[in-house]
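Visitor:
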Ligand code: GLU
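Residue numbers (full-length UniProt numbering): 1 to 493.
1. Going by the beta-carbon positions, is the gap between residue 209 and residue 236 smaller than 7 angstroms?
2. What is the DSSP secondary structure of residue 105, reduced to helix, strand or coil?
3. Of the residues 413, 348, 291 and 197, which one's Cα is nearest the Cα of residue 453?
4. With C-beta atoms as the reference, is residue 11 less than 7 angstroms away from residue 43?
5. Classify residue 440 as helix, strand or coil using the three-state DSSP reduction.
6. Within 10 Å of its beta-carbon, does residue 183 have 16 or more other beta-carbons around it, so buried, or fewer, so exposed?
7. Name the DSSP bridge partner or partners of residue 13?
8. How about residue 245 and residue 312: do their beta carbons lie closer than 7 angstroms?
9. With DSSP as the reference, identify every bridge partner of residue 164, one or two as the case may be.
10. Please classify residue 428 as buried or exposed, where buried requires at least 16 neighbouring CB atoms within 10 angstroms.
11. So what's residue 240 in DSSP terms, helix, strand or just coil?
12. Please report the Cβ distance between residue 40 and residue 83, rounded to the nearest whole angstrom; I am assuming they are in contact, meaning their Cβ atoms lie under 8 angstroms.
13. From the DSSP output, in three-state form, read off residue 323 for me.
14. Within a Cβ cutoff of 7 angstroms, which residues of the same chain sit near residue 283, ignoring the five residues on either side of it in sequence?
15. Kindly indicate which three-state DSSP category residue 40 falls into: helix, strand or coil?
16. Sort out for me which residues DSSP pairs residue 88 with in a bridge.
17. For my contact list, residue 250 and residue 259 are in at a C-beta cut-off of 8 angstroms; report their separation, rounded to the angstrom.
18. Just list the beta strand (DSSP E) runs in the region 188-232, keeping only unbroken ones of 3 residues or longer that don't cross its boundaries, in chain order.
19. Put residue 186 into one of helix, strand or coil per three-state DSSP.
20. Taking the continuous alpha helix (DSSP H) assigned at residue 117, which residues delimit it?
21. Kindly list the residues whose CB is nearer than 7 angstroms to the CB of residue 464, restricted to its own chain and excluding five residues on each side of it in sequence; keep chain order.
22. Any chance the region 265-278 sits against the region 286-301, with 3 or more Cβ pairs inside 8 angstroms?
23. Could you say which of 123, 107 and 124 lies nearest to residue 518 if we only look at CA atoms?
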């Protein structure tokens with residue numbers, strides 16, 4: 001019997017997402033329960049958005065949770081490289097093979113032509129899709145144009161009628177009509193593969209037997225299935241996991257719920273409790289107990305116990321569960337966890353230089369610097385009354401700064417300052433107009449240590465969380481404002 005091999009394949013394009021940990025957990029449990037292996041592959045073919053920092057954050061966040069992988073870019077393994085950006089030659093070979101077999105074709109259409117086709121289809125109320133313009137170009141002519149250096153992509157052929165049956169271990173056979181599928185680009189003009197080609201080639205070459213992925217990928221499953229068929233490869237077994245949802249049932253999004261694993265770490269959740277909570281997302285223990293360890297989850301794991309109703313990721317429930325975990329810790333272990341969280345030498349050393357010059361006794365430290373050891377801070381709307389700016393301008397400035405900070409990847413004082421400054425100036429204010437607003441949002445106090453340093457030390461997650469809370473307190477952002485301010489955002493350098 002072949003060994004069970006599962007994987008997660010995150011794209012390193014932002015903060016490490018709780019959804020990644022959730023899918024990783026289920027893949028890990030599935031593999032372990034069958035005595036198999038769990039692999040981590042980095043899907044970084046989107047060169048513009050992928051970063052090494054984000055990749056490292058994914059490793060750190062998963063390891064903090066206690067999720068370990070048998071093979072991956074950082075631990076190696078027999079099927080490497082495990083980073084797609086290092087597998088370029090492999091994809092090229094398989095793309096050429098598909099073209100040679102007549103399952104894919106080079107497409108020379110310009111962006112302008114594709115836009116025109118799209119506009120025409122939209123006007124006729126048709127689904128926008130590639131119109132097949134280059135399908136019939138003869139192989140010799142295509143070769144000649146490629147040799148002459150003409151820019152092109154490679155697209156796959158798809159049937160125009162009938163249905164594709166997607167065999168899902170949870171849903172049974174899901175039928176998706178072929179006429180919903182576009183002639184997917186497999187290789188981009190820059191010579192890099194798209195998700196579809198790279199994912200299929202890698203899952204095959206890495207011996208993946210079961211793919212548990214988020215259900216947002218179900219609509220595109222037919223294209224993957226077709227690729228396996230074109231290559232003559234055996235398909236892995238498929239499981240489309242229900243998506244995590246906000247309490248209002250919408251798809252989990254950072255606008256409504258913090259989604260970064262590091263946020264929960266900084267808020268003082270125990271990794272065991274967090275993992276336990278993710279295990280409760282759509283799944284339950286046979287005896288329905290709420291609190292369980294990873295080892296217990298693996299022992300009792302049964303994929304058929306996943307229920308398809310969208311599991312709700314609710315911070316209040318998570319907090320409740322975390323409380324259970326905390327209370328059941330032996331008191332020495334509790335104290336050790338508190339030290340690890342924020343009373344460790346590394347964190348204290350970051351804070352020390354800023355408090356040392358401002359206190360006369362140690363007993364003054366806690367009142368001055370308590371916000372370094374908090375999640376949110378107590379907010380008072382009166383602290384946001386501004387000499388120059390109206391209430392609306394205050395909200396606008398804070399929101400634009402928050403959006404800019406949400407996109408900031410290199411979190412340090414200089415970059416934070418530049419964002420506040422540029423955003424203020426773009427709106428016609430000065431840095432010193434913005435600071436009296438940032439100050440209470442971050443510290444909850446009228447005076448304390450330098451707030452720009454504090455933001456760097458607190459980190460991106462807590463800083464953004466506090467700004468978001470301040471904006472909420474001041475009335476939030478209406479749909480209309482959201483639209484208008486997003487336009488403004490795009491203009492800020
Ligand atoms: N790179 C994809 C992602 O970021 C992988 C999806 C899959 O598991 O196939 O979610």
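Just so you know, even glycine gets a beta-carbon here, dropped at the ideal spot from N, CA and C.
Nothing here was measured: the structure is a model prediction, and the numbers come from that model.
Guide: According to the structure data:
1. On the chain shown, position 209 is the one that residue 209 refers to. On the chain shown, position 236 is the one that residue 236 refers to. Result yes, Cβ atoms of residue 209 and residue 236 sit closer than 7 angstroms.
2. Taking the first residue of the chain shown as position 1, residue 105 is located at position 105. DSSP, read as helix, strand or coil, puts residue 105 in strand.
3. Indexing the chain shown from 1 puts residue 453 at position 453. Closest by alpha carbon: 413.
4. The residue labelled residue 11 in the question sits at position 11 within the chain shown. The residue labelled residue 43 in the question sits at position 43 within the chain shown. Yes, Cβ-Cβ distance for residue 11 and residue 43 is below 7 angstroms.
5. For the purposes of this step, residue 440 is taken as the residue at position 440 of the chain shown. If DSSP states are grouped into helix, strand and coil, residue 440 belongs with the helices.
6. Here residue 183 is taken as the residue at index 183 of the chain shown, counted from 1. Residue 183 should be labelled buried.
7. The residue labelled residue 13 in the question sits at position 13 within the chain shown. Answer is none; residue 13 lacks a bridge partner.
8. To locate residue 245, count along the chain shown from 1; it is residue 245. To locate residue 312, count along the chain shown from 1; it is residue 312. Result yes, Cβ atoms of residue 245 and residue 312 sit closer than 7 angstroms.
9. In the chain shown, counting from the first residue as 1, residue 164 sits at position 164. According to DSSP, which records beta bridges pairwise, residue 164 is partnered with 176.
10. Numbered from 1 along the chain shown, position 428 holds the residue referred to as residue 428. When all chains shown are included, residue 428 counts as exposed.
11. What you label residue 240 is simply residue 240 of the chain shown in a count that begins at 1. Reduced to three states, the DSSP call for residue 240 is strand.
12. Counting from 1 along the chain shown, the entry for residue 40 is found at position 40. Counting from 1 along the chain shown, the entry for residue 83 is found at position 83. Rounded, the Cβ-Cβ distance is 10 angstroms, inconsistent with contact.
13. As a first step, residue 323 is located in the chain shown; it is residue number 323 there, counting from the start. Note: residue 323 maps to helix in three-state DSSP.
14. The residue you call residue 283 lines up with position 283 of the chain shown. Here the set comprises 305 and 306.
15. On the chain shown, position 40 is the one that residue 40 refers to. Three-state DSSP puts residue 40 in a strand.
16. If you number the chain shown from 1, residue 88 lands on position 88. Per DSSP, none; premise fails for residue 88.
17. Within the chain shown, residue 250 is the residue found at index 250, counting from 1. Within the chain shown, residue 259 is the residue found at index 259, counting from 1. Not really, about 12 angstroms apart at Cβ, beyond 8 angstroms.
18. 210-214
19. The residue labelled residue 186 in the question sits at position 186 within the chain shown. Here residue 186 sits in strand by DSSP.
20. To locate residue 117, count along the chain shown from 1; it is residue 117. Element bounds for residue 117: 111-123.
21. What you label residue 464 is simply residue 464 of the chain shown in a count that begins at 1. For residue 464, where only same-chain residues beyond five positions count, the Cβ hits under 7 angstroms are 402, 405 and 406.
22. yes
23. Given that the chain is displayed from residue 1 to residue 493, the structure contains no residue 518 and the question cannot be resolved.
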